[in-house]
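> What follows is a single structure, and I will ask about it in a moment.
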Amino acid sequence: MNKTLFTQEQIDALRANPYTSYVSSKSIRFTQKFRSDFWDHYSQGESPSEIFRLLGYDPLVLGDSRIGNFTHKLSKEQDRLLRMTPAEENESLRHRVEALEFQADVLKKALEMANSQKRRKS
Numbered sequence: 076m077n078k079t080l081f082t083q084e085q086i087d088a089l090r091a092n093p094y095t096s097y098v099s100s101k102s103i104r105f106t107q108k109f110r111s112d113f114w115d116h117y118s119q120g121e122s123p124s125e126i127f128r129l130l131g132y133d134p135l136v137l138g139d140s141r142i143g144n145f146t147h148k149l150s151k152e153q154d155r156l157l158r159m160t161p162a163e164e165n166e167s168l169r170h171r172v173e174a175l176e177f178q179a180d181v182l183k184k185a186l187e188m189a190n191s192q193k194r195r196k197s
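Under this note's numbering, the first residue of the sequence shown carries the number 76, and numbering increases by one thereafter.
Spelled out as structure tokens, the structure:
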């Protein structure tokens with residue numbers, strides 16, 4: 076079964092949602108905050124489509140396949156996290172901190188470059 080492609084108008088609307096970390100015509104990725112908020116609601120028994128609607132997404136735009144796949148993957152991820160030993164959890168968190176520090180460094184360098192270019196133009 077082929078995924079439905081997003082139109083440019085849908086991409087723009089999806090990109091405007093603060094819970095969207097990336098969107099293209101073929102795929103969408105959600106922020107960690109979305110994943111956390113989704114799981115909180117899902118754990119309380121709310122339906123995935125209703126949660127997406129509550130968090131600012133049109134379930135008809137995303138489609139049942141994307142919503143179902145997201146829910147399935149997040150459920151597997153949560154199960155894995157619940158089975159982690161403290162040492163595995165620490166290792167996972169250490170990797171996450173390293174990734175976030177790397178992202179922060181990249182953003183700092185980009186900001187420095189932008190500021191440097193502004194100074195040259197002045």
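Even glycine gets a Cβ: it sits at the ideal position worked out from N, Cα and C.
In whole angstroms, what is the alpha-carbon distance linking proline 123 and histidine 170?
Answer to the nearest angstrom: the Cα atoms are 29 Å apart.
> Indicate whether the contact test is met: 3 or more Cβ pairs, each with one atom in the segment 170–190 and one in the segment 134–145, closer than 8 Å.
Judged by Cβ distances under 8 Å, the segment 170–190 makes no contact with the segment 134–145, as fewer than three pairs qualify.
> State the Cα-Cα distance for the pair tyrosine 117 and alanine 189, rounded to the nearest angstrom.
Taking the straight line from one Cα to the other gives about 41 Å.
> Helix, strand or coil: how does DSSP classify tyrosine 117 here?
Three-state DSSP puts tyrosine 117 in a helix.
> Would leucine 135 be called buried (16 or more neighbouring beta carbons within 10 Å of its own) or exposed?
Under this definition leucine 135 is an exposed residue.
> According to DSSP, simplified to helix, strand and coil, what is phenylalanine 127?
It is helical.
> Which residues in the same chain have their Cβ closer than 6 Å to the Cβ of histidine 147, if we skip the five residues on either side of it in sequence?
Around histidine 147: no qualifying Cβ.
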